[in-house]
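If you read the protein sequences in the order shown, they are chains Y and U.
Going letter by letter, the first sequence gives residues 1309 to 1501 in our numbering.
Going letter by letter, the second sequence gives residues 1309 to 1501 in our numbering.
From the three backbone atoms N, C-alpha and C, an ideal C-beta is built for every residue, glycine too.
These numbers were taken from a predicted model, which means no experiment stands behind them.
Shown next, in structure tokens, is the structure this report addresses.
2 protein chains.
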Amino acid sequence: MAKTKREILKENLLNAAESRIESDGLAALRARDVTKDAGCALGSLYNAYEDLDLLILAVNARTLGRLHATLQEAAAARQKPEDKLLALAMSYLDFAADNLTLWAALFDHRMPSNVPVPQWHLDNHTQLIGEIIGPLAQLYPDLDEATLTLRARTVFAATQGIVRLSLEGRFVALDPDSVRAELSAFLRQYLNG
Amino acid sequence: MAKTKREILKENLLNAAESRIESDGLAALRARDVTKDAGCALGSLYNAYEDLDLLILAVNARTLGRLHATLQEAAAARQKPEDKLLALAMSYLDFAADNLTLWAALFDHRMPSNVPVPQWHLDNHTQLIGEIIGPLAQLYPDLDEATLTLRARTVFAATQGIVRLSLEGRFVALDPDSVRAELSAFLRQYLNG
DNA sequence: CAGCGATACTGAACATTGTTCAATAAAAAA
DNA sequence: TTTTTTATTGAACAATGTTCAGTATCGCTG
Chain Y
1309 MAKTKREILK ENLLNAAESR IESDGLAALR ARDVTKDAGC ALGSLYNAYE DLDLLILAVN
1369 ARTLGRLHAT LQEAAAARQK PEDKLLALAM SYLDFAADNL TLWAALFDHR MPSNVPVPQW
1429 HLDNHTQLIG EIIGPLAQLY PDLDEATLTL RARTVFAATQ GIVRLSLEGR FVALDPDSVR
1489 AELSAFLRQY LNG
Chain U
1309 MAKTKREILK ENLLNAAESR IESDGLAALR ARDVTKDAGC ALGSLYNAYE DLDLLILAVN
1369 ARTLGRLHAT LQEAAAARQK PEDKLLALAM SYLDFAADNL TLWAALFDHR MPSNVPVPQW
1429 HLDNHTQLIG EIIGPLAQLY PDLDEATLTL RARTVFAATQ GIVRLSLEGR FVALDPDSVR
1489 AELSAFLRQY LNG
């Protein structure tokens, strides 16, 4: 299973971009920096990937993959659906805190207008929401699948909002323990209602 | 109370920028477009405002002001704290839907790294959270002020997450009625817990 | 292995930005 | 009116994503 040179180039660029985003954030990513790090010419980026946006999406796909695996582990380690949901939220928070810039890139990145997000990237997100549907279905056996999907997205969105406002640190800085406590208490109260 | 020429110029630029963001979104805002619309030279923008970011912050401040007034009205029209909180969330959703691009600009805009957000802009956000603290304090009289502030931010963040994921329409498009129903049901269940 | 067509790579050049600043115009002061 | 101060202008600059004609490399065929 030898890799073609093109595949090696794509991987080098992907690693370089990931590394740059990790250390300096998405906003500081430059085509010239990435190609220099990857040891190729500026123009080669456009040989390997359609453009810089698609390279960023590739980084995001990798991040989403790691996140998904982390969440699956967390949920699998619990039995009761409430515990699964809480574990999902907590490990989501931990992942975001431990991978701050890469996680932020997932949501900060915008496609140029009128360019749609590729389907495979949408599917990545659907898989993530899927992790919530399982425990939610156990908790609310009467809900049909469409409602469950909607509900899972809502719960995810609320969690995401809490994690994001905290870690973004744009308006206020917040110590990690408080965030954990708030998120945990918030979800418990919701699941209790 | 005659306005100085400088004040008139600032207002023209502010109106032009607001209008551009409203119709095309923050990402499409260009210094050259704004100055052309405002009827001044490119360089004059940097006479009136420190740079483009500060002009955007001025637009955001205006949007936050309108949002704040809308929320105050909504809360004032209810008696019971639960009703106030629900009304706040619903009118927040409505405002976001009715002012999509201007509302999105509030959260999409980023200061260049290492440049702090001005204090007056932080205060604007604090005022917004303040609207939630009142009803929340009625609902949970035992909580001290620090906890209430934290709690208010958490509730705001959750609401914001739900509204944002829905209206962003990045991963899935969602009809407005479903969003309203989801947000309302979500908060009711939380307040019930 | 030689030759040749296809493919990949290169980096200089281009277009689009935000920002600056020397020159000019306008206003204020003398 | 003359002089000084202030405001405005838009050409020039630097940074950046993207393109593409030229060059090198690769892969196949005889």
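- Using a Cβ-Cβ cut-off of 9 angstroms, Ile1470 of chain Y counts as an interface residue toward chain U, since at least one Cβ of chain U sits closer than that to its own.
- When the beta-carbon positions are compared, Val1463 of chain U and Leu1491 of chain U stay at least 9 angstroms from each other.
- Annotation for Asp1341 of chain U: the continuous alpha helix (DSSP H) segment containing it runs 1339-1346.
- Counting only Cβ-Cβ distances below 8 angstroms, Gly1501 of chain Y has contacts in chain U at Arg1496, Gln1497, Tyr1498, Leu1499, Asn1500, Gly1501, in chain order.
- For chain U, the residues of the segment 1441-1469 of chain Y that bring a beta carbon within less than 9 angstroms of one of its beta carbons are Leu1458, Arg1459, Arg1461, Thr1462, Val1463, Phe1464, Ala1465, Ala1466, Thr1467, Gln1468, Gly1469, in chain order.
- A Cβ-Cβ separation of about 6 angstroms places Ile1329 of chain Y in contact with Thr1409 of chain Y under the 8 angstroms criterion.
- Non-local C-beta neighbours of Leu1482 of chain Y in its own chain, meaning closer than 7 angstroms and more than five positions away in sequence, comprise Ser1474, ordered along the chain.
- Within the segment 1397-1426 of chain Y, the residues whose Cβ lies closer than 9 angstroms to some Cβ of chain U are Phe1415, Asp1416, Arg1418, Met1419, Pro1420, Ser1421, Val1425, listed in chain order.
- With a 10 Å radius around the Cβ and a threshold of 16 neighbouring Cβ atoms, Ala1465 of chain Y comes out buried.
- In this model, Thr1455 of chain Y and Leu1447 of chain Y are separated by some 13 angstroms (Cα to Cα).
- For His1433 of chain Y, the enclosing alpha helix (DSSP H) stretches over residues 1427-1447.
- Between Gly1469 of chain U and Thr1378 of chain Y, the gap from beta carbon to beta carbon reaches 9 angstroms or more.
- In the structure shown, Glu1358 of chain U adopts coil according to DSSP, grouped into three states.
- Apart from the 5 residues on each side of it in sequence, Ala1366 of chain U sits with its Cβ closer than 6 angstroms to the Cβ of Leu1322 in its chain, given in chain order.
- Proximity of Gly1373 of chain Y to chain U, defined by a Cβ-Cβ separation below 9 angstroms, is not satisfied.
- Taking 9 angstroms as the threshold, the shortest C-beta distance from Gly1333 of chain U to chain Y falls below it.
- Rounded to whole angstroms, the gap between the alpha carbons of Lys1344 of chain Y and Asp1361 of chain Y is 18 angstroms.
- Taking the beta carbon of Ser1486 of chain U as reference, the chain Y residues within 9 angstroms of it are Leu1458, listed in sequence order.
- Spatial neighbours of Glu1439 of chain U in its own chain (CB-CB distance under 7 angstroms, excluding positions within 5 residues in sequence) are listed in chain order as Leu1379, Gln1380, Ala1383, Leu1396.
- Leu1458 of chain U has its alpha-carbon roughly 29 angstroms from the corresponding atom of Ala1335 of chain Y.
- Against chain U, the CB of Glu1330 of chain Y has no partner CB under 9 angstroms away; the residue lies outside that interface.
- Each residue's CA atom was taken as its position, placing Gly1351 of chain U and Asn1320 of chain U some 14 angstroms apart.
- Ala1405 of chain Y and Gly1347 of chain U have their C-alpha atoms some 46 angstroms from each other.
- For Ala1336 of chain Y, the neighbours in chain U by C-beta distance under 8 angstroms run, in chain order, Ser1421.
- Against chain Y, the beta carbon of Glu1490 of chain U has neighbours under 7 angstroms at Leu1458, Thr1462, listed in chain order.
- Counting only runs that start and end inside the segment 1381-1421 of chain U, there is no beta strand (DSSP E) element of at least 3 residues.
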